[in-house]
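> Residue numbers (the working numbering): 1 to 1111.
Ideal Cβ positions, reconstructed from N, Cα and C, are used throughout, including at glycine.
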Amino acid sequence: MSASSAFNEEKGGSSSVGEPEYGHDPASGGIFSSDYKRHDDLKEMLDSNKDSLKLEAMKRIVAMIARGKNASDLFPAVVKNVACKNIEVKKLVYVYLVRYAEEQQDLALLSISTFQRGLKDPNQLIRASALRVLSSIRVTIIVPIMMLAIKEAASDMSPYVRKTAAHAIPKLYSLDPEQKDQLIEVIEKLLADKTTLVAGSVVMAFEEVCPERIDLIHKNYRKLCNLLIDVEEWGQVVIINMLTRYARTQFLNPNMNESLLEEGSDKTFYGSDEDEDEEEEEKEKKAEAPMAKRKPYVMDPDHRLLLRNTKPLLQSRNAAVVMAVAQLYFHLAPKVEVGVIAKALVRLLRSHSEVQYVVLQNVATMSIKRRGMFEPYLKSFYIRSTDPTQIKVLKLEVLTNLANETNISTILREFQTYIKSMDKDFVAATIQAIGRCATNIGEVRDTCLNGLVQLLSNRDELVVAESVVVIKKLLQMQPEKHSDIIKHMAKLTDNIQVPMARASILWLIGEYCEHVPKIAPDVLRKMAKSFTNEEDIVKLQIINLAAKLYLTNSKQTKLLTQYVLNLAKYDQNYDIRDRARFIRQLIVPTEKSGALSKYAKKLFLALKPAPVLESPFKDRDHFQLGSLSHLLNAKAGGYQELPDWPEAAPDPSVRNVEVKDSVPEWTKCSSREKRKEKRVEKPFYSDSEGESGPTESADSESDSASGSEMGSGLEESGSGSESEGSEEGSESEEEEEEDEKDKKKIKKDLKKPVKESESEQSSEEEERKHQRKSDQQKSDSESESDEESDSESSQSESDDSDSEADVKKKKKAAESKPPPKPVKKDTRKEKKEMSLLDLDDFEPAASPQVTPVNSFLSNSLVTDLEGLSLSDAVLSPANISPCSALKSYELLHRIRGEGLSVEYCFSRQPFSPDGNMVAVQMQFTNNATSEAKNLHMEDVKLQSGMRVKEFPEIELLPAGETATAVMGIDFCDSTQAANFQLCTHTRKFFVSIQPPVGELMRPVFLTENEFKKEQGQLMGMNEITEKLTLDAKCRNEHTIVQRVTTAANLSRVPCGSDKECRFAGRTVTSGSLVLATVATKEGGAAQLTVNCEKMVIGTMLVKDVLLALTQ
1 MSASSAFNEE KGGSSSVGEP EYGHDPASGG IFSSDYKRHD DLKEMLDSNK DSLKLEAMKR
61 IVAMIARGKN ASDLFPAVVK NVACKNIEVK KLVYVYLVRY AEEQQDLALL SISTFQRGLK
121 DPNQLIRASA LRVLSSIRVT IIVPIMMLAI KEAASDMSPY VRKTAAHAIP KLYSLDPEQK
181 DQLIEVIEKL LADKTTLVAG SVVMAFEEVC PERIDLIHKN YRKLCNLLID VEEWGQVVII
241 NMLTRYARTQ FLNPNMNESL LEEGSDKTFY GSDEDEDEEE EEKEKKAEAP MAKRKPYVMD
301 PDHRLLLRNT KPLLQSRNAA VVMAVAQLYF HLAPKVEVGV IAKALVRLLR SHSEVQYVVL
361 QNVATMSIKR RGMFEPYLKS FYIRSTDPTQ IKVLKLEVLT NLANETNIST ILREFQTYIK
421 SMDKDFVAAT IQAIGRCATN IGEVRDTCLN GLVQLLSNRD ELVVAESVVV IKKLLQMQPE
481 KHSDIIKHMA KLTDNIQVPM ARASILWLIG EYCEHVPKIA PDVLRKMAKS FTNEEDIVKL
541 QIINLAAKLY LTNSKQTKLL TQYVLNLAKY DQNYDIRDRA RFIRQLIVPT EKSGALSKYA
601 KKLFLALKPA PVLESPFKDR DHFQLGSLSH LLNAKAGGYQ ELPDWPEAAP DPSVRNVEVK
661 DSVPEWTKCS SREKRKEKRV EKPFYSDSEG ESGPTESADS ESDSASGSEM GSGLEESGSG
721 SESEGSEEGS ESEEEEEEDE KDKKKIKKDL KKPVKESESE QSSEEEERKH QRKSDQQKSD
781 SESESDEESD SESSQSESDD SDSEADVKKK KKAAESKPPP KPVKKDTRKE KKEMSLLDLD
841 DFEPAASPQV TPVNSFLSNS LVTDLEGLSL SDAVLSPANI SPCSALKSYE LLHRIRGEGL
901 SVEYCFSRQP FSPDGNMVAV QMQFTNNATS EAKNLHMEDV KLQSGMRVKE FPEIELLPAG
961 ETATAVMGID FCDSTQAANF QLCTHTRKFF VSIQPPVGEL MRPVFLTENE FKKEQGQLMG
1021 MNEITEKLTL DAKCRNEHTI VQRVTTAANL SRVPCGSDKE CRFAGRTVTS GSLVLATVAT
1081 KEGGAAQLTV NCEKMVIGTM LVKDVLLALT Q
């Protein structure tokens, strides 16, 4: 506060560095200093005529408040300045009044006329501050004044004042709940506001005042979805939570047909990973398959709009926003799309421990129902030594939930290291986790038991005690197999002192005393000796043990039992006395004993069910994820229950909005064209393709465009909703524009983002069909527009091509196919866009080099890029098999090669030096003790027409090392071998490479119509058909596609029927077309058809594909 020190110097240097400052706290002892008249100088400054002194005083007062000092005694001096002309002083006075108006209500009421004048001030900040102060005076007398002020502010020109009005609504409601009806009117008015500044605040007011009035949201639903991306972060959280509840009341459950589809169709609906990555259209096709007694599920366009508009927020820097979107997807999205949230949540685990705690609580709940979602990120849940205990326990919970047969060995290895931790609570939790893994996965039960038994010899008593408790639960599952363990535990009674552990051992010995008949009486003898010194829980188990032994072995234990019961009879604890009295009557029959004593043996030695070890998070998902109630596992005050899905979908037309004034058609188009030019034609959220399929991502390109238009859209047309209205309005324009509209109709359908569509469901479906048809041309022209300088012209070219006949479509598609290099570049760029969510322990990134194969593409990227239309000249990433599918062949065995072994595989990548050659990747491994030098090829012997491009010489291969090289071979469309000598500096080896027929072709992208046309030209001698019965494991679409593309390097062709899989390719040398169709029928029967210009290749391909599908 340099200015304040300057003022003090003016006053005679009363405050120097070491002395107490004005406005200090009396508790500090300064009351005895010379400054006993507190704040006198500030009061003088506030009373002066100079604005500069008033401003200085207000700055010092606000600074005191910020430091937590009490400045309430200055209230009269400050409130006088509320009418000050200086804007800066006025703002600070209002800041002060907001803080103290509630405490000094009487004084604040005196200035109420000034606040009312402030509501008419030309400065928006003063108007807002006046309303804020007015709503802070919590006196019921002024409720009508507040109500009037809020109504006026709700119609204010400034969005900032309207936002403040929204903030004032909950304050007034808490002061006087009877004003609810009037406040709802104001909320309804503010909900229609088109600015992002107001949206979050008014939804918060809605949630506080009338969360049950869902009908207020109908008309504003689409607008809120469209504005969401531009609202401030805390507004986003509130809106997303509200829309989650809204969607649960208005849309059908997207997973309702899941079980029916799994039972009713041959192929599973939510099968393996690649099925999860299928496009939205295919999902809908599957859903539309005829099913008995149930209407096929079609997602409401508004439901899709919400999911699409919230997805980019997974990249938000605010953890609360990411958590809100995650819970929305978990509660609302189809199962196949929920996986997209996993990576975002794992990213949050890099945050502070408080954020981690909340995220892990939610992940623990999600991982029970959707285990597959988090399995790829297993390592992210490994425990660090620096983690606090509560984080460690939650991570253990998640690891236990994710455990299955494939990863259990890794998880148990992790658990072994955790047991050595110094954190005792964590060790106990780990042992319980091992127990849960053992109960859930039968294969590892014995391994876990043996491991826990070894822990019984641990020096740490707590570890031993926890192990005993867990072993007890595990032994209940198969006691007869484990009598050795029971004997071993009986010996531990001398050493273990933890009461719970001693009680567990005694219960085990009593329950299974027939398995240890010699040891049990001896244990009872020892326990009887120490009975009086034991804890109550142990005493009760000693009495139980005595009773059970009396019933099974009364000869040896009769006297012991009587001794124990007599000790218990005079115990201090009445529970133990009662138990002893009850048991004596039950097991020692007397004349007085009732009918129950006959059944004593059945009562005590009845078979007891093994305990079920369940996750404590099992039933938490009935609370909304991310809420305080979910965190506490108890209903917190103000919690809104998550509604159940409706049985039948409510009327979607309630969300349609009629807008009267419309923007002329030409204005809208031109502004959109301009925006299209500026836009980078890549999806905003590059992971989206992996989760919801390429077609949806193609759709979402236009949607993300409208999302990015939002900022400029505010100036141009007020908001997204107004532009929606303008589109609707323009549809109902006068007759004179009708012709022009007919021409542009398809173009407009394509450009109009789905989220702005106000039409009925039928028109939505038409639009989808149309988009499916034009998918090829659209994506082609979009990739071309990166190349060409004039993106607008290429866009319109693509749009025109949609509206023309089929023949023209094909021509356009052929013309607009880009050259190979830019496509490769695009792919790399797209991968780079994932940077924000990419973490160190995720899937490996794609590498553009030809070598080595296993780092070429991760599975996720293959599915990310599936369905991209690429040129014939280059291999589409969609068609590259995952590395596991590439088969290796032996070229040289290490015995024959004197320590040198060579393997080769067909990498299915373009061989850059020569497009007509097949790329063959060779892997050299030196298993000898000496190094190999000058590895090269010599004496190449080929059939006529064949050519070879030799691999570059490998000068040195040290012992134990591996090297990779790529060579190209033009097999001239034949399966004849290429023979050559492989030479080192000392030896020469004769080797040969013979290709399977499936490697002599490269994939080619065809549309469905092109495929049918080409197939029609390759009939008769060029068509080979074979009937087959599919292998039991090969009955679903995903497996068929996988096996065919593994056997032959072909690409998938889109197909309208889900009973047919089509594939296309061309031979590498001559470019002859190869078409394959697998048509499935009931009971695993199928028909394979291959059409090929070269009959020999066709015949051989049929054999290979048949083998792949039937083995």
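1) Excluding the 5 residues flanking T439 on each side, which residues of the same chain have their C-beta closer than 6 Å to its C-beta?
2) Less than 8 Å separating the beta-carbons of V202 and M242?
3) So is V1096 buried or exposed if we call it buried at 16+ other beta carbons inside 10 Å?
4) Report the partner residues of Y173 according to the DSSP bridge assignment.
5) To which residues does DSSP link D970 through a beta bridge?
6) Which residues does DSSP pair with L1073 in a beta bridge?
7) Can you tell me which residues form a DSSP beta bridge with R1052?
8) At the level of alpha carbons, what is the spacing between V1044 and L1109?
9) Can we say the region 626-646 touches the region 484-496, given the rule of at least three CB pairs closer than 8 Å?
10) How big is the Cα-Cα spacing for T557 and A580?
11) How would you call H893, buried or exposed, if buried means at least 16 neighbouring beta carbons within 10 angstroms?
12) Would you call the region 1015-1035 and the region 988-1003 touching, i.e. three or more CB-CB distances under 8 Å?
13) Among L545, S554, A528, whose alpha-carbon lies nearest the alpha-carbon of N566?
14) Could you check if L506 is buried or exposed, using at least 16 other CB atoms within 10 Å of its CB as the buried criterion?
15) Tell me where the alpha helix (DSSP H) around I1113 begins and ends.
16) By how many angstroms is the C-alpha of S136 removed from the C-alpha of K90?
17) Does the beta-carbon distance from F980 to V966 come in below 8 Å?
18) With C-beta atoms as the reference, is K1103 less than 8 Å away from S1072?
19) Using the beta-carbon count (16 or more within 10 Å), is Y96 buried or exposed?
20) Classify V991 as helix, strand or coil using the three-state DSSP reduction.
21) Would you mind reading off the limits of the beta strand (DSSP E) that contains H936?
22) For a quick check, are the C-beta atoms of V321 and L345 less than 8 Å apart?
23) Please tell me whether N309 and C225 are closer than 8 Å, where the distance is taken between their beta carbons.
24) So which of V398, E152, S380, A1085 has the shortest CA-CA distance to I368?
25) Can you tell me the Cβ-Cβ gap for E1113 and K933, rounded? I've got them flagged as a contact below 8 Å.
26) A205: buried (16+ other C-beta within 10 angstroms of its C-beta) or exposed?
27) Measuring only from the beta carbon, is Q976 closer than 7 Å to any heavy atom that is part of the ligand PLP?
28) In whole angstroms, give me the CA-to-CA distance for P1054 and L216.
29) Throw me the rounded Cβ distance for the R1066 and V1074 pair, which I believe falls under 8 Å.
30) Just grab the DSSP bridge partners of Y904 for me.
31) Comparing C-alpha positions only, which one of L456, A600, N1022, E102 sits nearest to A171?
32) Which residues mark the beginning and the end of the beta strand (DSSP E) in which R1002 is found?
33) Could you work out which residue in V444, L125, W234 is closest to M157 when comparing CA atoms only?
34) Around the Cβ of Y297, are there at least 16 other Cβ atoms within 10 angstroms (buried) or fewer (exposed)?
35) Among residues of its own chain, excluding the 5 on either side of A27, which ones have a beta-carbon nearer than 6 Å to its beta-carbon?
36) By the 10 Å Cβ neighbour count, where 16 or more other Cβ atoms means buried, how is P1141 classified, buried or exposed?
Reading from the atomic positions:
1) Annotation for T439: L613 place their beta carbon closer than 6 Å to its own, counting only its chain and skipping 5 residues before and after.
2) no
3) exposed
4) Answer by DSSP bridge pairing: none, since Y173 is not bridged.
5) R947
6) R1066
7) F1063
8) Approximately 7 Å, taken between the alpha carbons.
9) no
10) 16 Å
11) Counting Cβ neighbours within 10 Å, H893 comes out exposed, since fewer than 16 surround it.
12) no
13) Looking at the Cα atoms, A528 is the closest of the given residues.
14) buried
15) In the structure as shown, the chain starts at 1 and stops at 1111, and residue 1113 therefore has no counterpart that could be examined.
16) Pairing K90 with S136, the inter-Cα distance amounts to about 17 Å.
17) Contact: no.
18) no
19) buried
20) strand
21) 932-941
22) Going by C-beta atoms, V321 is not nearer than 8 Å to L345.
23) yes
24) V398
25) The question about residue 1113 has no answer, for the chain in this structure spans 1 to 1111.
26) buried
27) In the structure on display, the ligand PLP does not appear, and there are no ligands present to speak of.
28) For P1054 and L216, the distance between alpha carbons rounds to 43 Å.
29) 7 Å
30) Y889, M922
31) Strictly speaking, residue 171 in this sequence is Lys, with Ala absent from that position. Ranking L456, A600, N1022, E102 by Cα distance to K171 puts E102 first.
32) 1001-1003
33) With distances taken between Cα atoms, M157 lies closest to L125.
34) Per the 10 Å Cβ criterion, buried.
35) Residue placement at A27 cannot be trusted, given a pLDDT of 47 that sits under 50; the coordinates are not used to answer.
36) This structure cannot settle anything about residue 1141, because the visible part of the chain is limited to 1 through 1111.
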